[in-house]
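Student: Numbers 0 to 129, taken from numbering that gives the first Met the number 0, label the letters of the sequence shown in order.
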Amino acid sequence: MPMREDEVAAEAMGIDTLRYKLYAFLLSAVAPGIAGGLAARDQGYIEPISVFPLITTITMIVMALFGGKGTIWGPVLGAVALFTLQELVWARFPYIHPLLFGAIIVAVVLMMPRGILGVLQQKYNLPRTI
(Lines of atoms letter the chains of each structure in order from A; the text may use other names.)
(Lines give C-alpha, C1' and ligand atoms only; values in the text may rest on other atoms or scores of the structure.)
Protein backbone atom coordinates (compact mmCIF):
# COMPACT_ATOMS: atom_id res chain seq x y z
CA MET A 0 0.00 0.00 0.00
CA PRO A 1 1.54 3.30 -1.03
CA MET A 2 1.99 5.96 1.57
CA ARG A 3 -0.03 8.46 -0.47
CA GLU A 4 -3.14 6.27 -0.26
CA ASP A 5 -3.29 5.98 3.52
CA GLU A 6 -0.55 7.59 5.58
CA VAL A 7 -1.98 6.39 8.89
CA ALA A 8 -1.99 2.77 7.69
CA ALA A 9 1.59 3.13 6.45
CA GLU A 10 2.65 4.42 9.87
CA ALA A 11 0.80 1.55 11.54
CA MET A 12 2.81 -0.87 9.39
CA GLY A 13 6.02 0.64 10.75
CA ILE A 14 6.95 2.86 7.81
CA ASP A 15 8.62 6.10 8.82
CA THR A 16 6.45 8.40 6.72
CA LEU A 17 8.19 11.57 7.86
CA ARG A 18 11.55 10.29 6.59
CA TYR A 19 10.18 9.29 3.18
CA LYS A 20 8.29 12.56 2.79
CA LEU A 21 11.53 14.39 3.57
CA TYR A 22 13.40 12.26 1.02
CA ALA A 23 10.77 13.03 -1.62
CA PHE A 24 10.95 16.75 -0.86
CA LEU A 25 14.75 16.78 -1.03
CA LEU A 26 14.79 14.74 -4.22
CA SER A 27 12.32 17.09 -5.88
CA ALA A 28 14.37 20.13 -4.85
CA VAL A 29 17.79 18.98 -6.08
CA ALA A 30 17.34 19.44 -9.84
CA PRO A 31 15.61 22.86 -9.64
CA GLY A 32 18.22 24.01 -7.14
CA ILE A 33 21.10 23.05 -9.40
CA ALA A 34 19.38 24.56 -12.45
CA GLY A 35 18.70 27.82 -10.58
CA GLY A 36 22.27 28.04 -9.35
CA LEU A 37 23.66 27.52 -12.83
CA ALA A 38 21.24 30.04 -14.34
CA ALA A 39 22.16 32.66 -11.74
CA ARG A 40 25.85 32.07 -12.39
CA ASP A 41 25.41 32.48 -16.14
CA GLN A 42 23.22 35.58 -15.95
CA GLY A 43 25.04 37.33 -13.13
CA TYR A 44 21.78 38.82 -11.81
CA ILE A 45 18.47 37.15 -11.25
CA GLU A 46 15.13 38.40 -10.03
CA PRO A 47 12.00 36.28 -9.57
CA ILE A 48 9.66 38.26 -11.82
CA SER A 49 11.97 37.99 -14.85
CA VAL A 50 12.74 34.30 -14.36
CA PHE A 51 9.34 33.05 -13.21
CA PRO A 52 6.56 35.11 -14.76
CA LEU A 53 3.03 34.32 -13.58
CA ILE A 54 2.03 32.74 -16.89
CA THR A 55 4.85 30.19 -16.56
CA THR A 56 3.64 29.12 -13.13
CA ILE A 57 0.04 28.87 -14.29
CA THR A 58 1.07 26.92 -17.39
CA MET A 59 2.97 24.35 -15.31
CA ILE A 60 0.00 23.79 -13.00
CA VAL A 61 -2.39 23.49 -15.93
CA MET A 62 -0.08 20.99 -17.65
CA ALA A 63 -0.28 18.74 -14.59
CA LEU A 64 -4.07 19.09 -14.42
CA PHE A 65 -4.44 18.63 -18.18
CA GLY A 66 -2.65 15.29 -18.13
CA GLY A 67 -4.15 13.96 -14.93
CA LYS A 68 -3.05 14.38 -11.36
CA GLY A 69 -1.99 11.57 -9.07
CA THR A 70 0.11 9.70 -11.63
CA ILE A 71 3.60 9.98 -13.03
CA TRP A 72 2.71 9.88 -16.71
CA GLY A 73 -0.30 12.22 -16.50
CA PRO A 74 1.66 15.46 -16.12
CA VAL A 75 4.18 14.31 -18.74
CA LEU A 76 1.37 13.62 -21.20
CA GLY A 77 -0.28 16.90 -20.25
CA ALA A 78 2.93 18.88 -20.76
CA VAL A 79 3.50 17.44 -24.23
CA ALA A 80 -0.12 17.85 -25.31
CA LEU A 81 -0.62 21.33 -23.88
CA PHE A 82 2.72 22.63 -25.17
CA THR A 83 1.89 21.37 -28.66
CA LEU A 84 -1.62 22.82 -28.50
CA GLN A 85 -0.31 26.13 -27.16
CA GLU A 86 2.22 26.45 -29.99
CA LEU A 87 -0.38 25.60 -32.64
CA VAL A 88 -2.80 28.19 -31.28
CA TRP A 89 -0.05 30.81 -31.01
CA ALA A 90 1.13 30.17 -34.58
CA ARG A 91 -2.35 30.46 -36.09
CA PHE A 92 -3.87 33.15 -33.87
CA PRO A 93 -1.06 35.31 -32.46
CA TYR A 94 -3.28 38.24 -31.43
CA ILE A 95 -5.91 36.29 -29.52
CA HIS A 96 -3.57 33.57 -28.24
CA PRO A 97 -4.07 34.37 -24.51
CA LEU A 98 -7.86 34.35 -24.89
CA LEU A 99 -7.91 31.01 -26.72
CA PHE A 100 -5.39 29.49 -24.30
CA GLY A 101 -7.58 30.56 -21.37
CA ALA A 102 -10.64 29.07 -23.05
CA ILE A 103 -8.78 25.79 -23.54
CA ILE A 104 -7.82 25.75 -19.84
CA VAL A 105 -11.40 26.40 -18.71
CA ALA A 106 -12.78 23.75 -21.09
CA VAL A 107 -10.31 21.13 -19.89
CA VAL A 108 -10.96 21.83 -16.20
CA LEU A 109 -14.74 21.71 -16.66
CA MET A 110 -15.00 18.79 -19.13
CA MET A 111 -12.10 16.59 -18.02
CA PRO A 112 -11.58 16.95 -14.25
CA ARG A 113 -9.29 13.88 -14.18
CA GLY A 114 -7.33 15.02 -17.23
CA ILE A 115 -6.46 13.26 -20.45
CA LEU A 116 -5.13 10.20 -18.66
CA GLY A 117 -8.39 9.89 -16.71
CA VAL A 118 -10.38 9.95 -19.96
CA LEU A 119 -8.10 7.30 -21.50
CA GLN A 120 -8.36 5.14 -18.37
CA GLN A 121 -12.15 5.35 -18.45
CA LYS A 122 -12.43 4.73 -22.20
CA TYR A 123 -10.02 1.80 -22.42
CA ASN A 124 -10.61 0.45 -18.88
CA LEU A 125 -6.95 0.93 -17.87
CA PRO A 126 -5.77 0.65 -14.25
CA ARG A 127 -5.50 3.89 -12.28
CA THR A 128 -1.85 3.32 -11.36
CA ILE A 129 -0.39 4.19 -14.78
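From the three backbone atoms N, C-alpha and C, an ideal C-beta is built for every residue, glycine too.
In whole angstroms, what is the alpha-carbon distance linking G43 and G36?
Tutor: Along the sequence shown, read from residue 1 onward, the residue named residue 43 stands at position 44. Along the sequence shown, read from residue 1 onward, the residue named residue 36 stands at position 37. G43 and G36: Cα-Cα distance of roughly 10 Å.
Student: Which residue marks the beginning of the alpha helix (DSSP H) containing M59, and which one marks its end?
Tutor: By one-based count along the sequence shown, residue 59 stands at place 60. Segment 53-66, the alpha helix (DSSP H) holding M59.
Student: Assign M12 to buried or exposed, taking buried as 16 or more other Cβ atoms, counted over all protein chains shown, within 10 Å of its Cβ.
Tutor: As a working note, residue 12 is residue 13 in the sequence shown. By the neighbour-count rule (16 or more Cβ atoms within 10 Å), M12 is not buried but exposed.
Student: Kindly indicate which residue of V7, A90, I104 has the alpha-carbon position closest to the one of I60.
Tutor: Looking up residue 60 in the sequence shown gives position 61. Closest by alpha carbon: I104.
Student: What would DSSP say about L109, mapped onto helix, strand or coil?
Tutor: Position 110 of the sequence shown holds residue 109. Three-state result, L109: helix.
Student: Hey, could you find the ends of the alpha helix (DSSP H) G36 is sitting in?
Tutor: Position 37 of the sequence shown holds residue 36. Unbroken alpha helix (DSSP H) run through G36: 16-42.
Student: Residue range of the alpha helix (DSSP H) that T70 falls in?
Tutor: Working through the sequence shown from its first residue, we reach residue 70 at position 71. Where T70 is concerned, there is no enclosing alpha helix (DSSP H), given that its DSSP letter is neither H nor E.
Student: The alpha helix (DSSP H) spanning G114 covers which residue range?
Tutor: What you label residue 114 is simply residue 115 of the sequence shown in a count that begins at 1. That run of the alpha helix (DSSP H) goes 114-123.
Student: When the distance is taken between beta carbons, is A90 closer than 8 Å to G77?
Tutor: Locating residue 77 in the sequence shown gives position 78, counting from the first residue. Locating residue 90 in the sequence shown gives position 91, counting from the first residue. In this structure, A90 does not lie closer than 8 Å to G77 by Cβ.
Student: Could you spell out where the alpha helix (DSSP H) holding E6 opens and where it closes?
Tutor: By one-based count along the sequence shown, residue 6 stands at place 7. Its alpha helix (DSSP H) spans residues 6-11.
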